[in-house]
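Visitor: Could you have a look at this structure, given as structure tokens, before my questions?
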Amino acid sequence: MSLADRGRVHAGGIAAILLGAGGVVALVSVLTPPTPHDAVEIYSSAQCLECHPGVAEEWRESHHAFAFENPEVRKLSKDFENQECIACHAPRPVLGFEPGERVLARTSDRAMGVDCLACHALPDGGVATENLNPRADAPCRPQPVARMASVEHCASCHNQHFTVDQWQLAPEHLKGDGCLDCHMPAAFREGGRRGRNHSFRAAHDLEALQSAVSMRADWSERGPWLELENDGAAHNFPTDERSRAADLQVRWSESAGEFGEWQHLHRFRDPYRDETDLTNTQLGSGETWRQELDAPTAAVGAEVRLLYRTNPFQSDSDATELYRLAIER
Amino acid sequence: MRASPLVLAAACLLACTAEQQPIAEPPSYQAVLEAGLIETAADALPEVEEAVFENLVELLELATLSSRNGETAWRQLESMDGPERTAALLLCVESREFPPELRLWAYAALRDFGSSAMLPRLTLRLKYEKDWGANVPLAEALLRHGSGAGLAALETILQTEDTPVETRTAAALALLGLPAKEGWVPGAAFSSDWQRLVEVRAHWLRYRVLPDAPTELFDGPMRAACWRMLSRFRSQPLRPVDDARRVFERLPAEGFDFLIAITQDEDLYVREHALQTLAWIGPPVGLHLQSAELDLPTLFAPLLADAVMRARTLEALGASNAPGAAAAVLPYLDDPVYDVVTAAADALLRCGDASHAEAARLRLAAERQLSPEARYSLGCVLLIDSDQAPPPVDGLDPSEQARRDSWLAARRD
Chain Y
0 MSLADRGRVH AGGIAAILLG AGGVVALVSV LTPPTPHDAV EIYSSAQCLE CHPGVAEEWR
60 ESHHAFAFEN PEVRKLSKDF ENQECIACHA PRPVLGFEPG ERVLARTSDR AMGVDCLACH
120 ALPDGGVATE NLNPRADAPC RPQPVARMAS VEHCASCHNQ HFTVDQWQLA PEHLKGDGCL
180 DCHMPAAFRE GGRRGRNHSF RAAHDLEALQ SAVSMRADWS ERGPWLELEN DGAAHNFPTD
240 ERSRAADLQV RWSESAGEFG EWQHLHRFRD PYRDETDLTN TQLGSGETWR QELDAPTAAV
300 GAEVRLLYRT NPFQSDSDAT ELYRLAIER
Chain V
0 MRASPLVLAA ACLLACTAEQ QPIAEPPSYQ AVLEAGLIET AADALPEVEE AVFENLVELL
60 ELATLSSRNG ETAWRQLESM DGPERTAALL LCVESREFPP ELRLWAYAAL RDFGSSAMLP
120 RLTLRLKYEK DWGANVPLAE ALLRHGSGAG LAALETILQT EDTPVETRTA AALALLGLPA
180 KEGWVPGAAF SSDWQRLVEV RAHWLRYRVL PDAPTELFDG PMRAACWRML SRFRSQPLRP
240 VDDARRVFER LPAEGFDFLI AITQDEDLYV REHALQTLAW IGPPVGLHLQ SAELDLPTLF
300 APLLADAVMR ARTLEALGAS NAPGAAAAVL PYLDDPVYDV VTAAADALLR CGDASHAEAA
360 RLRLAAERQL SPEARYSLGC VLLIDSDQAP PPVDGLDPSE QARRDSWLAA RRD
């Protein structure tokens with residue numbers, strides 16, 4: 000064996016040793032339990048946000064974080080003159096109440112809206128998680144609580160406007176495992192940790208809204224028609240009494256590319272208690288609404304669209320357009 | 000003679016406190032609401048049979064005719080069985096489908112013939128009745144039974160130029176039914192009638208009692224109606240609770256006794272809603288109890304011993320501004336529970352004075368965390384004796400700051 004060869008073997012040996020050592024260090028670091036943290040008393044959600052930056056980022060963008068300050072909520076509750084509304088917009092920990100029973104308002108940190116402790120705090124001061132194998136040494140000492148993943152957990156607030164009752168009546172194939180399937184899907188975080196997305200995608204998320212319903216339209220021999228099917232939401236569309244509304248509109252064309260004004264076709268909404276002349280027109284889970292359209296004689300085509308309003312008085316320009324379809328005679 | 004709800008509650012609560020100082024155990028909650036419902040069952044308004052209802056509607060239709068038939072129908076209404084008539088008329092005014100022109104007559108019939116049992120449900124109509132014309136007999140009916148809750152509607156009608164002239168005229172005539180006062184000649188001049196309205200309303204808002212009203216206004220049917228309205232506090236859906244709280248905020252002060260009594264109820268929600276309603280009513284509760292020579296801090300001491308009820312009890316205690324409330328609140332500034340400390344700080348701002356500034360200063364300087372709300376409230380307590388604006392606090396919602404600013408302004412007054 001030449002010197003050069005010996006040198007190469009030597010270098011290879013050193014590299015192997017270094018790699019091996021690195022592997023051992025990596026293995027040890029994986030297998031050795033991390034240094035236990037001292038348990039801390041959790042009194043405010045601000046503490047949670049410090050240790051969970053990924054979740055914090057999602058939650059800050061969510062309407063849970065915005066629940067107390069949301070101008071639309073302020074308007075509909077007469078700036079919380081209807082103090083009843085505060086119970087769900089700045090709630091005490093839900094786990095302090097029986098499953099599914101209504102929650103009551105807290106006094107502190109109201110600006111944080113539906114904060115971490117609202118869903119995670121246990122009555123004894125501990126912290127609950129849906130995770131069955133939580134890190135036992137985390138400062139908040141999380142404890143697995145099955146109720147965290149149940150519909151009853153969300154019902155305390157979300158059934159005030161009957162959404163969970165609607166879920167109970169939904170077709171089995173749409174129900175999934177409950178609210179979390181759609182509104183808190185799985186999320187993977189730094190370090191390969193698995194959790195749930197805390198941005199609570201719903202009425203303010205175009206993709207979530209579009210996943211709730213399908214719109215179809217065509218111009219057959221019998222004339223133009225339009226269908227809306229609730230084939231994605233395991234509750235009515237739109238859910239939530241009074242606050243939400245969805246409208247179908249049409250505009251006709253008498254020559255290619257030129258359209259008249261948008262005309263109202265149908266509103267999906269559960270009216271408020273004072274609106275005595277209106278009935279509930281929400282589209283039930285799994286149901287289809289269909290209408291044959293009455294086309295003007297000169298019409299050669301039309302556009303139909305579905306607008307979603309976060310309050311029934313919202314203008315067309317502020318509403319979210321979920322779908323627009325063009326049809327031709 | 001039946002004991003009033005307040006006497007029962009006081010006896011129950013004071014029995015807990017007399018032997019145990021300091022109080023270590025929360026009270027043993029009881030079926031107070033259920034007992035009230037059972038005790039007053041015989042005085043409750045009856046179920047209305049369909050035939051009776053139809054007959055009453057027919058009489059109302061006839062009464063609208065400006066002829067002898069109309070007068071006869073009105074007299075026939077007058078001769079109907081009292082409780083049944085009141086119950087049927089209430090169904091008329093509460094029905095969404097009932098024709099508005101007949102509803103106006105139904106309110107007038109309640110005004111002229113309605114029994115005291117109508118008061119809670121009629122008070123709720125102030126929330127739902129959108130017809131200004133109907134609001135006039137509604138306010139008059141309330142006034143005749145010792146409630147000033149409809150006076151705001153009369154004031155608004157008289158101040159709103161686009162209300163129909165006949166409605167404004169009716170509202171002006173309704174002022175003649177205001178409680179008498181030496182030197183005031185009803186109907187002599189609108190300006191003096193208006194002045195009387197302003198005085199009576201101010202008295203009502205301060206005490207929830209009309210001037211010179213009898214001390215015991217509530218009879219058996221009225222008490223039965225109050226218990227029935229309170230049973231809405233058991234509801235899980237929000238609306239019935241919301242409605243009942245709104246009613247009790249607007250009932251004459253004797254209604255507070257029912258709320259205090261059910262702070263002892265076995266149902267957590269009933270207790271919570273009762274305390275919160277007392278907190279919303281605020282200072283009139285303290286004044287009412289003073290006139291009854293009852294000490295709210297002593298009454299509430301057992302509730303403060305219950306960790307679950309503590310924050311809400313502090314809120315009600317502070318809002319009442321009852322004598323001794325501030326002293327009762329002070330120890331809870333050091334409570335181990337974050338939300339209780341906030342409630343204590345808020346309560347101190349609502350019932351404390353400049354002599355509590357040192358306690359506030361010490362708590363602000365302590366190491367234990369305070370919520371933005373508590374920090375701001377204690378900052379306000381430091382400034383009760385000054386005209387300085389409190390320093391802003393990070394993380395405090397502007398509306399929450401505004402609420403505390405209004406409490407500070409009230410203390411400075």
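First to last, the sequence lines map onto chains Y and V.
Numbering follows numbering that gives the first Met the number 0, with no gaps: position 8 of the first sequence is 7.
Numbering follows numbering that gives the first Met the number 0, with no gaps: position 207 of the second sequence is 206.
Ideal Cβ positions, reconstructed from N, Cα and C, are used throughout, including at glycine.
1) Since Q159 (chain Y) meets chain V, which of its residues come closer than 8 Å, beta carbon to beta carbon?
2) Name, going along the chain, the residues of the stretch 357-389 of chain V whose beta-carbon falls closer than 8 Å to a beta-carbon of chain Y.
3) Check R250 (chain Y) in the structure and name its three-state DSSP category.
4) At the level of alpha carbons, what is the spacing between Q400 (chain V) and A110 (chain Y)?
5) Are L174 (chain V) and L153 (chain V) touching if we call contact CB-CB under 8 Å?
6) Given that V79 (chain Y) touches chain V, what residues does it touch there, using C-beta distances under 7 Å?
7) How long is the line joining the alpha carbons of Y337 (chain V) and Q368 (chain V), rounded to whole angstroms?
8) Where does E302 (chain Y) sit, in a helix, a strand or coil, going by DSSP?
9) Just checking: is the beta-carbon of E260 (chain Y) within a distance shorter than 8 Å of some beta-carbon in chain V?
10) Using a Cβ-Cβ distance under 8 Å, would Y337 (chain V) count as near chain Y?
11) Decide if N279 (chain Y) is buried, meaning its Cβ has at least 16 other Cβ atoms within 10 Å, or exposed.
12) Which runs of the beta strand (DSSP E) spanning at least 3 residues fall entirely within the stretch 205-236 of chain Y, listed in chain order?
13) Cutting at 7 Å between CB atoms, please list the residues of its own chain near G145 (chain V), excluding the five before and the five after it.
14) Is there a Cβ of chain V sitting closer than 8 Å to that of S61 (chain Y), yes or no?
15) For the stretch 240-260 of chain V, which residues have a beta carbon sitting closer than 8 Å to at least one beta carbon of chain Y?
16) Using the Cβ count rule (16 or more neighbours within 10 Å means buried), how would you classify Y42 (chain Y)?
17) Since P398 (chain V) contacts D78 (chain Y) with CB under 8 Å, what's their CB separation in whole angstroms?
18) Taking only beta carbons into account, state which residues of the stretch 164-177 of chain V come closer than 8 Å to chain Y, listed in chain order.
19) Output the boundary residues of the alpha helix (DSSP H) element that contains F187 (chain Y).
20) Would you decide whether V144 (chain Y) is buried or exposed? Buried here means 16 or more other CB atoms lie within 10 Å of its CB.
21) With DSSP run on the structure shown, which of helix, strand or coil describes G194 (chain Y)?
22) Quick test of your reading: L381 (chain V) and R360 (chain V), contact by CB under 8 Å. State the CB separation rounded to the nearest angstrom.
23) At 3 residues or longer, and completely inside the stretch 34-63 of chain Y: list those beta strand (DSSP E) runs for me, N to C.
24) Taking C-beta pairs closer than 8 Å, name the residues in chain V that T106 (chain Y) reaches, listed in chain order.
25) Look up Q20 (chain V) in the DSSP assignment and say whether it is helix, strand or coil.
26) Just to make sure I have the definition right: I need the residues of chain V whose C-beta is within less than 7 Å of the C-beta of L103 (chain Y). Which are they?
27) Of the residues Y:C84, Y:G112 and Y:C118, which one's Cα is nearest the Cα of G99 (chain Y)?
28) Would you verify that the beta carbon of A110 (chain Y) is, or is not, closer than 8 Å to some beta carbon of chain V?
29) Helix or strand or just coil, what does DSSP make of E253 (chain V)?
30) Chain V partners of G267 (chain Y), CB-CB under 8 Å?
31) Out of Y:F199, Y:E220 and Y:Y307, state which residue places its alpha-carbon closest to the alpha-carbon of G242 (chain Y).
32) Can you tell me where the beta strand (DSSP E) with I326 (chain Y) in it begins and where it stops?
33) Which one of Y:G300, Y:T296, Y:L282 and Y:Q290 has the shortest CA to CA distance from W166 (chain Y)?
34) On the DSSP bridge assignment, give the partners of L282 (chain Y) in chain order.
35) Return the chain-ordered list of same chain residues with a C-beta closer than 8 Å to the C-beta of R200 (chain V), the five sequence neighbours on each side being excluded.
36) Going by C-alpha distance, which of V:G69, V:A87, V:G219 and V:V246 is nearest A105 (chain V)?
Guide: To lay it out plainly:
1) For Q159 (chain Y), the chain V residues whose C-beta falls within less than 8 Å of its own C-beta are P236 and L237, listed in chain order.
2) Listed in sequence order: Q368, S370, P371, E372 and A373.
3) In the three-state reduction of the DSSP assignment, R250 (chain Y) falls in the strand class.
4) Whole-angstrom Cα-Cα distance: 11 Å.
5) Contact flag set, yes.
6) Looking at the sequence shown, residue 79 (chain Y) is not Val but Phe. Going along chain V in sequence order, the residues near F79 (chain Y) (Cβ under 7 Å) are S398.
7) Their backbone Cα atoms lie some 8 Å apart in a straight line.
8) It is a strand residue.
9) No, no contact with chain V.
10) A Cβ of chain Y is located within less than 8 Å of the beta carbon of Y337 (chain V).
11) Taking all protein chains in view, the Cβ of N279 (chain Y) is surrounded by fewer than 16 other Cβ atoms within 10 Å, so the residue is classified as exposed.
12) For the stretch 205-236 of chain Y, whole beta strand (DSSP E) runs of length 3 or above, ordered along the chain, are 213-219 and 222-228.
13) Around G145 (chain V): L209, A212, L216 and P251.
14) S61 (chain Y) does not count as touching chain V.
15) Listed in sequence order: V240, D241 and R244.
16) Y42 (chain Y) comes out buried.
17) Per the sequence shown, the amino acid found at residue 398 (chain V) is Ser instead of Pro. Right, their Cβ atoms sit about 6 Å apart.
18) Result list empty, no residue passes.
19) Segment A185 to F187 is the beta strand (DSSP E) holding F187 (chain Y); no alpha helix (DSSP H) there.
20) V144 (chain Y) should be labelled buried.
21) Residue state for G194 (chain Y) is assigned as strand, using DSSP reduced to three classes.
22) So it is a contact: roughly 6 Å between Cβ atoms.
23) None, since the stretch 34-63 of chain Y contains no complete beta strand (DSSP E) of that length.
24) Under the 8 Å cutoff, chain V gives A310, E314, D338, T341, A342, D345, S370 and E372.
25) Any reading at Q20 (chain V) needs caution, since the residue's pLDDT is 44, under 50, leaving its predicted position unreliable; the model's value is listed next. For Q20 (chain V), the secondary structure class from DSSP, reduced to helix, strand or coil, is coil.
26) Neighbours of L103 (chain Y) in chain V, taken as residues at a C-beta separation under 7 Å, are given in chain order as E271.
27) Among Y:C84, Y:G112 and Y:C118, the Cα nearest to that of G99 (chain Y) is on Y:C118.
28) With 8 Å as the cut-off, A110 (chain Y) counts as an interface residue toward chain V.
29) E253 (chain V) falls in the helix class under three-state DSSP.
30) It should be pointed out that residue 267 (chain Y) corresponds to Phe in this sequence rather than to Gly. Think of a sphere of 8 Å around the beta carbon of F267 (chain Y): no beta carbon from chain V falls inside it, the nearest being about 22 Å out.
31) Residue identity differs from the one stated: residue 242 (chain Y) is Ser in this sequence, not Gly. Nearest in C-alpha terms to S242 (chain Y), of all of Y:F199, Y:E220 and Y:Y307, is Y:Y307.
32) T319 to E327 is the extent of the beta strand (DSSP E) around I326 (chain Y).
33) The residue with the shortest Cα to Cα distance from W166 (chain Y) is Y:L282.
34) Looking at the DSSP output, L282 (chain Y) bridges to Y:F236.
35) G147, L150, A151 and E154, listed in sequence order.
36) Minimum Cα distance to A105 (chain V) is reached at V:A87.
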